[in-house]
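Q: Here you go, one structure.
Residue numbers (my numbering), protein chains in the order written: chain W, 174 to 420; chain Z, 107 to 244.
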């Protein structure tokens with residue numbers, strides 16, 4: 174019985190993508206510079222979604238949130254937030270959740286099978302599993318993690334990923350933090366020539382934002398490249414402490 | 107992976123994870139826009155005293171001497187070394203004791219701290235094979 178289960182698991186893990194589905198496998202690097210959102214993908218965002226434009230390097234300064242309307246509690250939290258509090262030995266290597274890191278300015282690799290898709294991010298060495306076998310999310314009180322629990326399905330040529338159970342973290346890396354009840358839906362598809370990966374990332378978190386939010390993200394394929402170890406060194410925080418003692 | 111799939115059947119592991127998840131939100135890759143002023147540019151020249159080449163950011167520490175002979179210690183933060191490596195940087199690209207010049211964006215709080223966009227050796231050679239722009243900060 175055990176060997177049969179192992180064989181079945183191996184089949185799921187090693188199976189090639191079904192021929193009818195796009196193969197997203199490969200190394201994807203941030204597409205820096207001006208990006209034109211794909212109109213068809215943007216049209217699929219729910220009505221009244223606020224699309225924020227902080228993807229990759231252009232982050233927002235303090236108290237700028239790209240049009241997202243914060244709840245009074247979240248606004249007070251953002252006002253009290255002190256960026257230097259993050260630069261400690263305890264926190265400096267704590268990765269942000271997938272809500273922020275999905276658009277971090279680092280490459281990632283996709284390994285795709287019919288039943289399971291793995292996203293391996295260079296950013297903080299994070300690995301994300303997207304279950305494609307039809308399962309649902311676990312109970313609401315199941316553990317929450319920075320990567321969350323992701324289930325996926327194909328809608329034509331688009332991979333649709335629904336993610337819950339994301340541990341609280343940041344949305345915009347400037348004091349706007351999400352709760353562990355945030356819900357995220359992403360859509361991924363290849364450009365017609367297969368050289369780019371296009372995505373929308375939509376999220377809702379009523380405890381924090383009164384609007385729903387979204388980003389458009391684009392990566393470029395770089396054949397032959399691979400992600401490097403991030404291997405975060407928390408002693409970087411000491412550089413900030415040294416800095417603070419300077420005149 | 108099997109363990110992850112079956113977490114729900116392991117109450118002790120679940121309890122541990124629940125405790126870990128109860129901690130306040132914490133995240134630490136710091137925002138360029140919060141810390142640095144992209145509307146300004148600063149260039150410093152000095153003698154390297156240390157070069158850190160670890161993620162999340164590298165750091166070059168310089169002793170910078172002003173016109174009156176006073177020495178001030180500066181720190182230049184770099185992109186993540188995973189990014190530096192793709193631009194031709196290595197751990198030995200900068201050596202303690204050498205004179206270099208660094209151009210970049212100053213810290214918003216006025217401290218002797220900056221974000222590196224380009225660095226050159228004393229003879230003017232660029233360190234790495236391309237500078238870093240505001241649009242490709244990491």
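For glycine and all other residues, C-beta sits at the position ideal for the given N, C-alpha and C.
Can you name the residues of chain Z whose CB is closer than 8 Å to the CB of residue 210 of chain W?
A: By 1-based counting over the first chain, the position of residue 210 of chain W is 37. Here the premise fails: no neighbours, minimum Cβ distance about 17 Å.
Q: Compare the Cα-Cα distances from residue 339 of chain W to each of W:252, W:350, W:331 and report the closest residue.
A: In the first chain, residue 339 of chain W corresponds to position 166, counting from 1. With distances taken between Cα atoms, residue 339 of chain W lies closest to W:350.
Q: Against chain W, does residue 242 of chain Z count as a neighbour if the rule is that its beta carbon must be under 7 Å from one of theirs?
A: Walking along the second chain from the start, residue 242 of chain Z turns up at place 136. So, interface residue.
Q: If contacts are defined as beta-carbon pairs under 8 Å, then residue 395 of chain W and residue 229 of chain W qualify, I think. What distance do you get, rounded to the angstrom?
A: Within the first chain, the letter at position 222 stands for residue 395 of chain W. Within the first chain, the letter at position 56 stands for residue 229 of chain W. Rounded, the Cβ-Cβ distance is 15 Å, inconsistent with contact.
Q: So for residue 157 of chain Z, helix, strand or coil by DSSP?
A: Within the second chain, the letter at position 51 stands for residue 157 of chain Z. Here residue 157 of chain Z sits in strand by DSSP.
Q: Note down the Cα distance separating residue 346 of chain W from residue 143 of chain Z, rounded to an integer number of angstroms.
A: Here the question's residue 346 of chain W lines up with position 173 in the first chain. Here the question's residue 143 of chain Z lines up with position 37 in the second chain. Taking the straight line from one Cα to the other gives about 16 Å.
Q: What residues from the region 270–285 of chain W come within 9 Å of chain Z, judged by C-beta to C-beta, listed N to C?
A: Per Cβ criterion, the list reads 270, 273, 274, 277, 278, 279, 280.
Q: Span of the beta strand (DSSP E) holding residue 182 of chain Z?
A: For this step, residue 182 of chain Z is matched to residue 76 along the second chain. Residues 177–183.
Q: Once DSSP output is grouped into helix, strand and coil, what is the label at residue 359 of chain W?
A: Translated into positions along the first chain, residue 359 of chain W becomes position 186. Three-state result, residue 359 of chain W: strand.
Q: Can you tell me which residues form a DSSP beta bridge with residue 327 of chain W?
A: Residue 327 of chain W sits at position 154 when you count from the first residue of the first chain. Paired residues: W:332.
Q: By the 7 Å beta-carbon criterion, what residues does the region 188–200 of chain Z contribute toward chain W?
A: Of all residues in the region 188–200 of chain Z, 188, 191 have a Cβ within less than 7 Å of some Cβ in chain W.
Q: Just verifying my parser: in three-state terms, what is the DSSP assignment at residue 242 of chain Z?
A: Residue mapping note: residue 242 of chain Z aligns to position 136 of the second chain, counting from 1. Three-state DSSP puts residue 242 of chain Z in a helix.
Q: So, using beta-carbon positions, are residue 321 of chain W and residue 296 of chain W closer together than 7 Å?
A: To locate residue 321 of chain W, count along the first chain from 1; it is residue 148. To locate residue 296 of chain W, count along the first chain from 1; it is residue 123. Not a contact, by the Cβ cut-off of 7 Å.
Q: So the candidates are Z:186, Z:212, Z:226, Z:244; which of them puts its Cα closest to the Cα of residue 147 of chain Z?
A: In the second chain, residue 147 of chain Z corresponds to position 41, counting from 1. That would be Z:212, whose Cα lies nearest to the Cα of residue 147 of chain Z.
Q: For residue 406 of chain W, would you say it is in contact with chain Z, using Cβ-to-Cβ distances shorter than 7 Å as the test?
A: Along the first chain, read from residue 1 onward, the residue named residue 406 of chain W stands at position 233. With 7 Å as the cut-off, residue 406 of chain W counts as an interface residue toward chain Z.
Q: Please list, in chain order, the chain Z residues whose beta carbon lies closer than 7 Å to that of residue 401 of chain W.
A: Your numbering for residue 401 of chain W matches position 228 in the first chain. Ordered by position in chain Z, the residues that pass the 7 Å Cβ test against residue 401 of chain W are 188, 191.
Q: Does the region 235–249 of chain W come close enough to the region 309–320 of chain W to have 3 or more Cβ pairs within less than 8 Å?
A: Taking 8 Å as the limit for Cβ pairs, the verdict is that the region 309–320 of chain W does not touch the region 235–249 of chain W.
Q: When the Cα of residue 271 of chain Z is compared with those of Z:162, Z:156, Z:229, which residue comes out closest?
A: Because residue 271 of chain Z is not part of the residues shown, which for chain Z are 107 to 244, the question remains open.
Q: May I ask you to list, following chain order, the residues of the region 291–310 of chain W that have a beta carbon less than 8 Å from some beta carbon of chain Z?
A: Of all residues in the region 291–310 of chain W, 295, 296, 297, 302 have a Cβ within less than 8 Å of some Cβ in chain Z.
Q: With 16 as the cutoff for other CB atoms within 10 Å, does residue 311 of chain W come out buried or exposed?
A: Start at 1 with the first residue of the first chain, and residue 311 of chain W comes out as number 138. Its Cβ having fewer than 16 others within 10 Å, residue 311 of chain W is exposed.
Q: Taking only the alpha-carbon atoms, compute the straight-line gap between residue 231 of chain W and residue 154 of chain Z and give it to the nearest angstrom.
A: Stepping through the first chain from its first residue, residue 231 of chain W is reached at position 58. Stepping through the second chain from its first residue, residue 154 of chain Z is reached at position 48. Their backbone Cα atoms lie some 30 Å apart in a straight line.
Q: Suppose you measure from the CA of residue 273 of chain W to the CA of residue 282 of chain W; what does that come to, to the nearest Å?
A: Here the question's residue 273 of chain W lines up with position 100 in the first chain. Here the question's residue 282 of chain W lines up with position 109 in the first chain. Taking the straight line from one Cα to the other gives about 17 Å.
Q: Residue 201 of chain Z: buried (16+ other C-beta within 10 angstroms of its C-beta) or exposed?
A: Taking the second chain and counting its residues from 1, the one referred to as residue 201 of chain Z is at position 95. That one is exposed.
Q: Buried or exposed: where does residue 232 of chain Z fall if 16 or more other Cβ atoms within 10 Å of its Cβ makes it buried?
A: Here residue 232 of chain Z refers to the residue found at position 126 when the second chain is read from its first residue. So residue 232 of chain Z counts as exposed.
Q: Just verifying my parser: in three-state terms, what is the DSSP assignment at residue 215 of chain W?
A: Counted from its first residue, the first chain places residue 215 of chain W at position 42. Three-state result, residue 215 of chain W: helix.
Q: Give the single residue among Z:176, Z:244, Z:178, Z:160 whose Cα lies nearest to the Cα of residue 404 of chain W.
A: Here residue 404 of chain W is taken as the residue at index 231 of the first chain, counted from 1. Looking at the Cα atoms, Z:160 is the closest of the given residues.
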